[in-house]
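Asks: Here the protein sequences line up with chains A and B, keeping their order. Per our numbering, residue 1 is the first one in the first sequence, and the count goes up by one each step. Per our numbering, residue 1 is the first one in the second sequence, and the count goes up by one each step. Just so it is clear, CB atoms sit at the ideal spot from N, CA and C, and this is done for glycine as well. Supplied in C-alpha cells, the structure appears directly below.
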Amino acid sequence: MACPGAVSLSVSKAVLTFSKSIVVDVSETPGLPDKIKTAYRTGGASVPIVILCDPGLTQTFGRFDHPGMESQKYDAIFKEAREKIQKSLKDGTFSKGGKAPVVVKVEGTKIESWKSAAGTAIEAKLIGIEDDSVYLFQTKDGKSIRATAAQLDKASVAKARKLAKIKP
Amino acid sequence: MKIFLVLSFATSLAGAFSIPKGSFNLGQLETAQKKAAADDQPLAFVIVNKNATPT
C-alpha cells in the first residue's frame, strides 16, 4: 500500500511523460479554473487527485484519486484517458484554447508591499487582475509576477480588488 | 542512540513533497496552456498535499 505522499511524488512524475503538469496544493484549489474545480469536487476527496483536460479547459479526459492510483501502475491507470486524448486530437475536439483572458487593467498604481499567504513580502505595483482570479504585478525592475488569490494573503487580495474597483 | 539521530536527520531531510522539475504551479497556468497547446498535449492538474512526506 503506497501512502498519499509517495503516490503524489510518483504520479506527478508519471504525468510529465504525456502532459504539461500543474501541481496544486489542496489549499490552492479555490483558485482552480471552474471546470477543474467542478471535477475536483466530484468524486473521492483523497489526494493526490489528477484531472486531465485539454489546454482550452473545455473537456476533461479523466479524474483519478489516491485509491485509484495506489498501485502506481500508471500505464494501465491512464490508458483509457490517453485513448480519449488521442481520439479528441484526431476528431478535432481537442481545444487548444486561444480565448483571450479578460484582464482588468489597473493604472496609476505605485510600488508597494504585497504579502503572500505564506507571509513573505514583495515590492511591486499591481497592474491588473486576469479573469477575476490572477493578480498581476510588476516589480521595480520590470519583472512580472502572477499570483492567485490563494497565494496572496487576504489583506493583499482585498487591497488589490479595491484598487481594481472589483467587488471583494 | 546514534542510529536514531541519523534516522531522524535523514527523515527531516526527506521533508515535504517536492515539485518535479518541468511541472508548473497554478500561477503559471497560462504558460502551461500555451506549451500544452503547442505540443498537442493535455494539461494534468495534480492536486496534492505539499506538506505530505513520502514514506
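According to a CB-to-CB cut-off of less than 7 angstroms, which residues of the segment 49-69 of chain A neighbour chain B?
Replies: 49, 50, 51, 52, 53, 54, 55, 61
Asks: Roughly how many angstroms lie between the CA atoms of residue 147 of chain A and residue 136 of chain A, to the nearest whole one?
Replies: For this step, residue 147 of chain A is matched to residue 147 along the first sequence. For this step, residue 136 of chain A is matched to residue 136 along the first sequence. Rounded to whole angstroms, residue 147 of chain A to residue 136 of chain A spans 7 angstroms at the Cα level.
Asks: State the CB to CB distance for the pair residue 133 of chain A and residue 31 of chain A, rounded to an integer number of angstroms; the pair is presumed to be in contact (CB under 8 angstroms).
Replies: Counting from one through the first sequence, the residue named residue 133 of chain A turns up at place 133. Counting from one through the first sequence, the residue named residue 31 of chain A turns up at place 31. About 6 angstroms separates the two Cβ atoms, so the contact holds.
Asks: If I measure Cβ to Cβ from residue 94 of chain A and keep anything under 6 angstroms in the same chain, skipping five residues before and after, which residues do I get?
Replies: The residue you call residue 94 of chain A lines up with position 94 of the first sequence. Cβ neighbours of residue 94 of chain A beyond the five flanking positions: 54, 88.
Asks: Would you mind telling me which residues of chain B sit closer than 8 angstroms to residue 31 of chain A, beta carbon to beta carbon, in chain order?
Replies: Sequence index remark: in the first sequence, residue 31 of chain A carries index 31 (1-based). Going along chain B in sequence order, the residues near residue 31 of chain A (Cβ under 8 angstroms) are 26.
Asks: State the Cα-Cα distance for the pair residue 59 of chain A and residue 71 of chain A, rounded to the nearest angstrom.
Replies: Translated into positions along the first sequence, residue 59 of chain A becomes position 59. Translated into positions along the first sequence, residue 71 of chain A becomes position 71. One C-alpha to the other measures close to 26 angstroms.
Asks: Nearest chain B C-beta to residue 103 of chain A closer than 8 angstroms, yes or no?
Replies: For the purposes of this step, residue 103 of chain A is taken as residue 103 along the first sequence, with counting starting at 1. Chain B contact via Cβ: absent.
Asks: At what residue ranges does the segment 48-104 of chain A contain a whole run of the beta strand (DSSP E), taking only runs of 3 or more?
Replies: 49-53, 60-64
Asks: So the alpha helix (DSSP H) residue 154 of chain A belongs to, where does it begin and stop?
Replies: Sequence index remark: in the first sequence, residue 154 of chain A carries index 154 (1-based). From DSSP, the alpha helix (DSSP H) with residue 154 of chain A extends over 154-163.
Asks: Indicate, with yes or no, if the ligand NAD has a heavy atom lying under 7 angstroms from the CB of residue 78 of chain A.
Replies: Ligands are entirely absent from the displayed structure, and the ligand NAD is therefore not among its contents.
Asks: Examine chain B for any beta-carbon lying closer than 8 angstroms to the beta-carbon of residue 152 of chain A, and answer yes or no.
Replies: Against the first sequence, residue 152 of chain A aligns to sequence position 152. Interface flag for residue 152 of chain A against chain B is unset, since no Cβ pair is found closer than 8 angstroms.
Asks: By alpha-carbon positions, which one of A:113, A:140, A:127 ends up nearest to residue 155 of chain A?
Replies: By one-based count along the first sequence, residue 155 of chain A stands at place 155. Among A:113, A:140, A:127, the Cα nearest to that of residue 155 of chain A belongs to A:113.
Asks: So, helix, strand or coil for residue 16 of chain A, using DSSP?
Replies: Reading the first sequence from its first residue, position 16 is the one you call residue 16 of chain A. The answer is helix: DSSP assigns residue 16 of chain A an H, G or I state.
Asks: In chain B, which residues lie with their C-beta within 8 angstroms of the C-beta of residue 22 of chain A?
Replies: The count along the first sequence starts at 1 and reaches residue 22 of chain A at position 22. Ordered by position in chain B, the residues that pass the 8 angstroms Cβ test against residue 22 of chain A are 23, 24, 25, 26, 28, 29, 32, 43, 44, 45, 46.
Asks: So, is the C-beta of residue 113 of chain A closer than 8 angstroms to a C-beta in chain B?
Replies: Within the first sequence, the letter at position 113 stands for residue 113 of chain A. Output row for residue 113 of chain A: interface = no.
Asks: Is the separation between the beta-carbon of residue 49 of chain A and that of residue 32 of chain B shorter than 8 angstroms?
Replies: Numbered from its first residue, the first sequence carries residue 49 of chain A at position 49. Numbered from its first residue, the second sequence carries residue 32 of chain B at position 32. 8 angstroms or more divides the Cβ of residue 49 of chain A from the Cβ of residue 32 of chain B.
Asks: Under a three-way DSSP split, which group does residue 35 of chain A fall into?
Replies: In the first sequence, counting from the first residue as 1, residue 35 of chain A sits at position 35. Reduced to three states, the DSSP call for residue 35 of chain A is helix.
Asks: Here's the rule I'm using: 16 or more other beta-carbon atoms within 10 Å means buried, otherwise exposed. How should residue 158 of chain A be labelled?
Replies: Your numbering for residue 158 of chain A matches position 158 in the first sequence. With fewer than 16 Cβ atoms within 10 Å of its Cβ, residue 158 of chain A is classed as exposed.
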